[in-house]
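J.: Residues in the sequence shown are numbered from 11 upward in steps of one, following the working numbering.
Quick one: the structure is below, and I'll ask about it shortly.
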Amino acid sequence: MESLQTSSGATAGGRVPQTRFPGAKYFLLLWFLFVAICFGLGYPTLQRYDPRKTGGLSDTHKYYATSTGADFSVYIFKDTFRGRVLVPYVARPFYWFALKYLPQWNAGFFGLLIANALFCATTACLIVSIGSKFVDLSTALLGATLYLLSFAIPNLQLAGMIDSGEACFMIALTWSLLTGKWYLLPLWGLLGALAKETFVPFFFVFSFTWWLVERRQYGSQSSKLKWIIALAIVGLVTVSTVHSMILGQLKWPWQIAA
11 MESLQTSSGA TAGGRVPQTR FPGAKYFLLL WFLFVAICFG LGYPTLQRYD
61 PRKTGGLSDT HKYYATSTGA DFSVYIFKDT FRGRVLVPYV ARPFYWFALK
111 YLPQWNAGFF GLLIANALFC ATTACLIVSI GSKFVDLSTA LLGATLYLLS
161 FAIPNLQLAG MIDSGEACFM IALTWSLLTG KWYLLPLWGL LGALAKETFV
211 PFFFVFSFTW WLVERRQYGS QSSKLKWIIA LAIVGLVTVS TVHSMILGQL
261 KWPWQIAA
């Protein structure tokens with residue numbers, strides 16, 4: 011695949027030129043490959059060690075409890091952790107599957123591993139998509155490989171934590187901004203807020219700063235500002251709704267932040 015020529019710069023609308031990225035079949039094949047790699051990287055959590063008893067992974071038992079539907083009355087931890095529902099709820103069907111068909115493995119960590127592998131693989135594919143807009147495909151694949159082999163992936167994201175979801179929508183947001191698909195920002199706000207509440211303020215600032223830079227370089231970008239506002243509104247409403255449902259009483263975003 012020929013390298014994307016970027017010497018001409020971005021278009022007048024601030025978008026990165028479209029690339030010759032391979033079709034959907036290639037993308038899907040790559041995604042399954044990355045899922046398999048992630049499963050291998052996180053396999054030790056199934057039999058080799060228990061992340062709940064490992065230093066530096068003290069939050070794991072909270073997400074484990076959420077994914078297995080445990081009785082929360084026996085756990086003492088902040089309600090904030092119970093609001094990070096996306097990864098644990100994606101893990102639940104795989105947890106039920108492992109309980110029935112894979113008794114030799116820890117069912118709870120199997121569910122979390124599969125869920126985290128799905129998000130990590132999606133992140134890696136988006137890295138390839140972004141990278142192929144500036145360099146050749148082989149270099150973009152190298153970038154995704156380096157990401158998967160970094161310390162944080164096997165030791166944090168694939169070890170019973172939930173940060174893979176936030177990381178996935180971080181790169182999805184970046185991809186949308188690079189390709190000019192600003193209308194997707196509210197969707198990432200919804201999913202990112204379900205993954206982790208810290209997504210909302212951080213990525214509002216990130217998107218707004220991006221908008222300011224484009225406005226300075228290319229002139230008026232007022233039509234894009236509405237999508238940033240929508241991202242913030244959708245994210246805040248989602249966080250407030252999830253926590254209110256969990257606690258059985260209305261929780262405003264500032265109460266959750268406090």
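A virtual CB, placed ideally from N, CA and C, is assigned to each residue, including glycine.
1) Please list, in chain order, all residues of the same chain as G93 whose beta carbon is under 8 Å from its beta carbon, the five residues on each side excluded.
2) For I172, which of helix, strand or coil comes out of DSSP?
3) Using the three-state DSSP reduction, which class does Q231 fall into: helix, strand or coil?
4) Mapping DSSP to helix, strand and coil, what is Q167?
5) Given a cut-off of 7 Å, decide if P61 and A205 are closer than it, judged by their beta-carbon atoms.
6) How is P113 classed by DSSP in three states: helix, strand or coil?
7) Starting from K269, trace the alpha helix (DSSP H) both ways and give me its first and last residue.
8) If you measure between the beta carbons of K72 and F91, is that distance less than 7 Å?
9) Under 8 Å Cβ to Cβ from T70, same chain only, skipping five residues before and after it: list those, please.
10) Check whether the Cβ of T248 lies closer than 7 Å to any Cβ atom in chain D.
11) From what residue to what residue does the alpha helix (DSSP H) around G52 run?
12) Which value, in whole angstroms, describes the spacing of the CA atoms of F49 and I124?
T.: Answer, in terms of the structure:
1) E207, V249, V252, H253, I256, I266
2) coil
3) Coil, per DSSP.
4) helix
5) no
6) coil
7) Absent from the structure is residue 269, since the part of the chain shown begins at 11 and ends at 268.
8) yes
9) P61, R62, T64, A169, G170, M171
10) Looking for chain D here will not work: only one protein chain is present.
11) 34-52
12) 7 Å
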